[in-house]
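What follows is a single structure, written as structure tokens, with notes after it.
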């Protein structure tokens, strides 16, 4: 946590103030405006298409948050995060479909929230299981073990075994009305958006708070210098596993949220590509920054949508572009190109640019 | 072996007993015994490659000696992990600065107090009640006891990786002190510092050793003989895994073996400014 910029002549008189999130009235106003935009202006004035893009961004934020925690804050490189999101999705869907819940829980709309929390725990524990090798291996070798998580979970366990349950073919579809929170059935893009924005705010807040308390400091210490951390009393194996648990928990929440948007789950949504995609999100947004997750997710999803629309527009002249699967090639190559360009021209990501711009205006019109 | 005064068993904080540490066939430590008494500054000197840092790593738990016992406050700690030794009140700095470069100075020092913090993920994620009270309480301690002592008020919010070397060393000392250690292992705290910084650092070491508030026992590894002879109560000389002597600084300066192995024949005080 770095210090907030204070206007000239303003000083804090207590540590409580210095620990606050919103330290000046300017920041307070800015954040209130952001809350109004996110909770009122966007859902009221945007159409269904824009809202669907917005909750896709939200889903990407939730999924990439765990990747950011592991890679950006704890230094444990992971390439298997889609597996944990998948575990969350499937846990949530199966709990809703196959558990004989008492009727009052259904009518009170508690089944989906309960399944969401259970999905978090299931994905967290699954993640800890694959985080266990981190006690012994580092860096490149850990990448291999997390990739193993991906290959074992999605193509093997989920596709070959879990998907067969109930003889539904390869995906579970959820009957309308099963996903409801309290009195609200999540059945329109607007409601999905509200669910997304609440979850994203809660998860980002929780993560930001964790990072400035004991646990988060231990994670960052492990990332920066694990030997020094250990001599200062940090049980590094334990804290790595806690990091895997929290990352998995958030992935589970993300997965559980995603079934509310899709109304079905299928292994195709959790392929290895998505694990890479989320690592790309934090590389572009900025490693080791929560702003980076948000900016990266916005960048990736918006670029994807722009590409899609561009391709549709070009379809009139070049019909072969509209063939099924062609878009994926374009998207993948654009994604690769974006990562290369970012690594060369802005290795610190969009969040660093944002920070520079903010600093520039804080000091404006002086240069330092 | 030279021993000037009798050691009272209750005073001994740390005791190494016949420590052997081999890397392959190379003996880094071959039967080293050492007793550190409470409240003293005990220096370990010796030529490069003598095994001083290996010895510190053994005490600290980063290495596990193949033979011999390490006792801390009368308890055998051979099988205890480094983080548990920190909980026993052992803290250290490193020869090559090992600060957490991405964290601010304040966060580095807060991390040093890790064992005194209690909050976990559940309360930490909401930062209310317990966690908040605890953060404020420890912040007060850090500001008043450590940042004030080490005179690093102006850099408390700076990322440590951006600081010059001398200040990083100071932050590292602050981080080690934040643990409120009983035994502080200082592995070359003066290496690479300029004269002024050396004087500051020596003053800090003396302060934490002598002030009633701290009373920290220090185990010091250092090459600056002027400082070593001035600060330490006892000097332990190591030469390629073997102990040459353990005694007062005055004894070390006249011990012919020590002079031959390490100090050299010329004027001892040639290095002093």
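Residue numbers (the numbering used here), protein chains in the order written: chain A, 1 to 368; chain B, 1001 to 1273.
Just so you know, even glycine gets a beta-carbon here, dropped at the ideal spot from N, CA and C.
Check	Outcome
Residue range of the beta strand (DSSP E) that includes residue 1242(B)	1242 to 1247
Where residue 1224(B) falls, given that 16 or more other Cβ within 10 Å makes a residue buried	buried
Straight-line gap, residue 104(A) to residue 182(A) (C-alpha atoms, nearest Å)	11 Å
Exposure of residue 310(A), with buried meaning 16 or more beta-carbon neighbours within 10 Å	exposed
Within 8 Å, strictly: CB atoms of residue 371(A) and residue 334(A)	Residue 371(A) falls outside the range modelled here, since chain A spans only 1 to 368, and no answer is possible.
Close-in-space but distant-in-sequence residues of the same chain around residue 1042(B) (CB under 6 Å, 5 per side omitted)	1036, 1219 and 1234
Sequence-distant residues of its chain with Cβ nearer than 6 Å to residue 1142(B) (five each side left out)	1109
Residue-chain proximity (residue 225(A), chain B), Cβ-Cβ < 8 Å	yes
When 1255(B), 1213(B) and 1263(B) are compared against residue 1039(B), the one with the closest alpha-carbon	1213(B)
Contact residues within the region 128 to 148 of chain A, judged by C-beta distance below 8 Å to chain B	none
Opposing strand residues paired with residue 1218(B) [DSSP bridges]	1041(B) and 1184(B)
Proximity below 8 Å, CB of residue 1083(B) to CB of residue 230(A)	yes
Any C-beta of chain A under 8 Å from that of residue 1060(B)	yes
Inter-residue spacing [alpha-carbon to alpha-carbon] between residue 360(A) and residue 17(A)	24 Å
Collapsed DSSP secondary structure at residue 171(A) in the structure displayed	coil
Contacting residues, own chain, Cβ-Cβ under 7 Å from residue 1052(B) (five flanking each side not counted)	1044, 1046, 1221 and 1238
Integer-rounded CB distance, given that residue 1160(B) should sit under 8 Å from residue 1274(B)	This structure leaves residue 1274(B) out entirely; chain B is present only between 1001 and 1273.
Where residue 1093(B) sits in the DSSP three-state scheme	strand
Closest residue to residue 124(A) among 276(A), 216(A), 353(A) and 252(A) (Cα-Cα distance)	252(A)
Three-way DSSP call (helix, strand, coil) for residue 367(A) in this model	coil
Burial state of residue 25(A), where buried means 16 or more other Cβ atoms lie within 10 Å	exposed
Under the three-state DSSP convention, the category residue 1001(B) falls into	Model confidence at residue 1001(B) stands at a pLDDT of 39, short of 50, so the residue's coordinates are unreliable; what they give is reported in the following sentence. Residue state, collapsed to three classes: coil.
Local conformation of residue 991(B) per DSSP, three classes	As shown, chain B starts at 1001 and ends at 1273. That puts residue 991(B) outside it, with no answer to give.
Neighbourhood of residue 64(A) by C-beta distance below 7 Å, restricted to the same chain and skipping five residues each side	278, 281, 282, 293, 296 and 297
Validate contact between the region 122 to 136 of chain A and the region 242 to 252 of chain A using beta carbons, cut 8 Å, 3 pairs	yes
Residue 1082(B): contacting residues in chain A (beta-carbon distance under 8 Å)	230 and 231
Chain-ordered neighbours of residue 209(A) on chain B, where CB pairs are closer than 7 Å	1124, 1125, 1126 and 1127
Three or more C-beta pairs below 8 Å linking the region 1102 to 1121 of chain B and the region 213 to 223 of chain A	yes
Beta-bridge partners of residue 1151(B), as assigned by DSSP	Residue 1151(B) pairs with nothing; no bridge assigned.
Identity of the residue in 55(A), 211(A) and 187(A) nearest residue 371(A) by Cα	Only positions 1 to 368 of chain A appear in the structure, and residue 371(A) is not among them; the question remains open.
Beta carbon proximity, residue 200(A) to chain B, threshold 8 Å	no
Per-residue burial, residue 2(A) [other beta carbons within 10 Å of its own, 16 or more giving buried]	In this prediction, residue 2(A) has a pLDDT of 44, which is less than 50 and means its spatial position is unreliable; what the coordinates show is noted afterwards. When all chains shown are included, residue 2(A) counts as exposed.
Within-8 Å CB hit, residue 2(A) to chain B	Since pLDDT at residue 2(A) reaches only 44, below the 50 mark, its modelled position is unreliable, and no value is offered.
Residues of its chain near residue 1015(B), where Cβ-Cβ distance is below 6 Å and the 5 sequence neighbours each way are ignored	1035 and 1071
Where residue 1031(B) sits in the DSSP three-state scheme	strand
CA-to-CA distance, residue 1087(B) to residue 233(A), given in whole angstroms	6 Å
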